[in-house]
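The next block holds one structure in the form of structure tokens; read it before the comments.
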Amino acid sequence: MATIQDLEPKNLWTNFYSLTQVPRPSGHLAKIQAFLLRFAADNGIEAFQDPAGNIVMRVPATPGMENRKGVILQGHMDMVPQKTPESTHNFETDPIETYIDGDWVKARGTTLGSDDGLGVATAMALMTDKDLRHGPIEALITRDEETGMYGANELPAGELHGDILLNLDSETWGKFVIGSAGGIDITATLGYVEDDAEDGAAVRVTLKGLRGGHSGLEIHEGRANANKLMVRFVRQAIASCGARLATWEGGSMRNAIPFKAEVLLTVPADNVAALKALVDKWKATFVDEYEGIESGIEFFAEDADMPAHVLPREIQDNLVDAIYACHNGVVRMIPHFPSVVETSSNLAIINIGGGKASIQILARSSKESMKDFVAMSLSSCFAMAGMKVELSGSYGGWDPNADSEILSLLKSEYKEMFGRDALVQVDHAGLECSVILGKYPNLDVVSLGPTLCSPHTTSERCNIPSVAEFYKFIRKVIEDIPAK
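Counting in this note's numbering, the sequence shown runs from 220 upward without gaps.
Below, the structure written as structure tokens:
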């Protein structure tokens with residue numbers, strides 16, 4: 220049976236395979252940092268880890284190409300750690316298990332890590348390609364992009380030497396991204412004194428099997444948010460069954476649409492049957508509402524051990540009201556690009572229980588005033604519930620440069636090589652380009668990459684033919700970089 224190491228181009232796929240063998244979930248990057256430095260040393264490449272935890276590699280120009288503009292190949296080393304409910308995978312210790320399914324590379328029971336493993340593998344391949352004639356090349360492989368762009372935000376000024384930055388973190392082959400949305404994290408917290416649970420019964424209610432997805436790239440597709448579906452049931456369970464909320468766990472990543480949520484409720488013993496009937500009613504409603512979008516909805520109730528404590532009624536009701544009222548999804552599209560989302564929010568993570576409540580949202584917008592508007596709207600929603608609200612991790616949008624010299628080269632070479640026009644677009648997904656440009660404003664920047672589908676989910680997959688075309692193309696572009 221063929222493995223990804225047998226695919227072409229071999230140097231790129233071999234590098235990607237090596238990356239899948241090194242655990243690299245966001246926040247746990249010591250192993251991948253050591254791996255990248257070892258790779259550089261083994262190949263005679265100048266490399267170092269900067270104070271931000273980023274890895275920088277440098278390869279000098281091949282003889283006769285010293286006058287070309289310097290190119291920075293940029294990607295991020297971390298991956299989103301998501302797995303199926305039945306998976307026993309440990310992202311901090313276990314390699315990713317990949318397999319080939321037709322034209323696609325997939326992972327068994329986990330995210331694949333092609334976001335942005337394929338970008339990093341591309342940079343590694345280009346820097347060790349002995350047949351490639353090129354000007355000066357740098358690779359900037361940033362830390363913890365998925366959890367807050369920490370590596371880019373902490374990137375030292377004066378560290379990079381190049382003139383052109385090719386970000387390798389785009390997910391549609393044939394599309395050149397020249398702008399992206401900014402973002403901001405909204406975190407609402409509340410401490411409370413728990414009530415003792417009254418006599419009755421406990422029921423654990425689980426919603427899972429949703430598609431989830433990338434909260435920038437797929438927020439416009441109308442996919443269900445597990446937290447927003449769950450709150451509709453919980454509100455009615457409180458009103459009609461006398462339910463009390465003990466715990467709520469929903470979502471796990473700030474930039475992923477939550478595909479699972481679970482609550483522990485208590486009810487009077489006589490109301491257990493009514494509560495379970497309510498679960499069946501809402502499951503039918505959700506299946507009907509999301510027909511054609513969500514095909515695997517699971518919503519069920521199980522008897523559970525009685526908890527010692529529940530939320531006070533007023534706190535419970537205020538939190539449920541705020542979660543119900545919290546906006547989730549697209550706020551509006553870009554007026555001049557009506558097919559592209561301008562502003563959105565993702566009700567990403569809810570953790571309630573043990574006297575603490577925490578709610579995390581990622582808001583995005585390509586217009587700074589709208590980013591501020593949606594952040595303040597969400598802050599107001601949770602402040603009215605008595606929660607402390609903090610804004611953090613703000614990064615600006617990347618303003619497009621339609622006169623970019625590197626964009627012009629990319630477009631002309633793409634048309635010449637493949638006989639079709641590339642798509643030039645502004646993305647709603649946040650890219651590190653905006654942060655890096657804030658420190659290096661004179662860089663000429665474009666983002667591109669092979670086709671990936673459903674990043675940040677266990678359905679993540681990479682299109683094999685697009686990788687071959689992408690690498691053939693970027694090799695040609697590197698050879699044709701203009702002189703300074």
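Where a beta carbon is used, it is the ideal one built from N, C-alpha and C, also for glycine.
Just to confirm before moving on: does the CB-CB distance between residue i and residue j stay below 8 angstroms?
{"i": "residue 327", "j": "residue 311", "result": "no"}
{"i": "residue 371", "j": "residue 587", "result": "no"}
{"i": "residue 428", "j": "residue 517", "result": "yes"}
{"i": "residue 281", "j": "residue 670", "result": "no"}
{"i": "residue 239", "j": "residue 336", "result": "yes"}
{"i": "residue 579", "j": "residue 571", "result": "no"}
{"i": "residue 668", "j": "residue 388", "result": "yes"}
{"i": "residue 228", "j": "residue 614", "result": "no"}
{"i": "residue 649", "j": "residue 515", "result": "no"}
{"i": "residue 344", "j": "residue 230", "result": "yes"}
{"i": "residue 585", "j": "residue 553", "result": "yes"}
{"i": "residue 359", "j": "residue 275", "result": "yes"}
{"i": "residue 405", "j": "residue 598", "result": "yes"}
{"i": "residue 683", "j": "residue 226", "result": "yes"}
{"i": "residue 366", "j": "residue 473", "result": "yes"}
{"i": "residue 286", "j": "residue 703", "result": "yes"}
{"i": "residue 560", "j": "residue 439", "result": "yes"}
{"i": "residue 288", "j": "residue 383", "result": "yes"}
{"i": "residue 333", "j": "residue 681", "result": "yes"}
{"i": "residue 354", "j": "residue 450", "result": "no"}
{"i": "residue 416", "j": "residue 529", "result": "yes"}
Go ahead and pull the three-state DSSP assignment for residue i.
{"i": "residue 608", "result": "strand"}
{"i": "residue 401", "result": "strand"}
{"i": "residue 380", "result": "coil"}
{"i": "residue 478", "result": "coil"}
{"i": "residue 325", "result": "strand"}
{"i": "residue 508", "result": "helix"}
{"i": "residue 679", "result": "coil"}
{"i": "residue 236", "result": "helix"}
{"i": "residue 577", "result": "strand"}
{"i": "residue 467", "result": "strand"}
{"i": "residue 684", "result": "helix"}
{"i": "residue 543", "result": "helix"}
{"i": "residue 644", "result": "strand"}
{"i": "residue 394", "result": "strand"}
{"i": "residue 341", "result": "helix"}
{"i": "residue 693", "result": "helix"}
{"i": "residue 653", "result": "helix"}
{"i": "residue 364", "result": "coil"}
{"i": "residue 620", "result": "coil"}
{"i": "residue 386", "result": "strand"}
{"i": "residue 568", "result": "strand"}
{"i": "residue 631", "result": "helix"}
{"i": "residue 243", "result": "coil"}
{"i": "residue 352", "result": "coil"}
{"i": "residue 346", "result": "helix"}
{"i": "residue 639", "result": "coil"}
{"i": "residue 662", "result": "coil"}
In chain order, what residues of the same chain have a beta carbon less than 6 angstroms from the beta carbon of residue i, not counting five sequence neighbours either side?
{"i": "residue 708", "result": "The structure shown does not extend to residue 708, since the chain is modelled only from 220 to 703, so the question has no answer here."}
{"i": "residue 601", "result": "407, 541, 608"}
{"i": "residue 443", "result": "429, 509, 513"}
{"i": "residue 593", "result": "550, 562, 564, 582"}
{"i": "residue 423", "result": "483, 521, 523"}
{"i": "residue 254", "result": "241"}
{"i": "residue 698", "result": "352"}
{"i": "residue 617", "result": "398, 399, 652, 653"}
{"i": "residue 545", "result": "566, 600"}
Between residue i and the rest of its own chain, which residues show a CB-CB distance below 7 angstroms, the 5 nearest in sequence each way excluded?
{"i": "residue 278", "result": "264, 346, 356"}
{"i": "residue 308", "result": "302, 328, 329"}
{"i": "residue 454", "result": "539, 543"}
{"i": "residue 318", "result": "325, 327"}
{"i": "residue 659", "result": "379"}
{"i": "residue 235", "result": "223, 336, 337, 340"}
{"i": "residue 673", "result": "432, 679, 680"}
Who are the Cβ neighbours of residue i in its own chain at under 8 angstroms, not counting the five residues just before and after it?
{"i": "residue 531", "result": "411, 412, 413, 414"}
{"i": "residue 270", "result": "373, 375"}
{"i": "residue 488", "result": "418, 419, 420"}
{"i": "residue 628", "result": "696, 699, 700, 701"}
Say whether the segment 503-511 touches the segment 392-411, bearing in mind that this needs 3 or more beta-carbon pairs closer than 8 angstroms, one atom from each stretch. no
Taking the runs of the alpha helix (DSSP H) that are 4 residues or longer, which of them lie wholly in the segment 248-296? The segment 248-296 contains these whole alpha helix (DSSP H) runs: 249-261.
Are the segment 420-439 and the segment 476-483 touching by the rule of at least three beta carbon pairs closer than 8 angstroms? yes
Is the segment 246-261 in contact with the segment 614-623, if contact means three or more CB pairs nearer than 8 angstroms? no
Could I get the ranges of all uninterrupted beta strand (DSSP E) runs contained in the segment 398-450, with 3 residues as the minimum, in chain order? The segment 398-450 contains these whole beta strand (DSSP E) runs: 401-410, 420-427.
Using a Cβ distance threshold of 8 angstroms, determine whether the segment 360-379 contacts the segment 287-298, with at least three qualifying pairs required. yes
Decide if the segment 571-582 is in contact with the segment 409-425; the criterion is three or more beta carbon pairs, one per stretch, under 8 angstroms apart. yes
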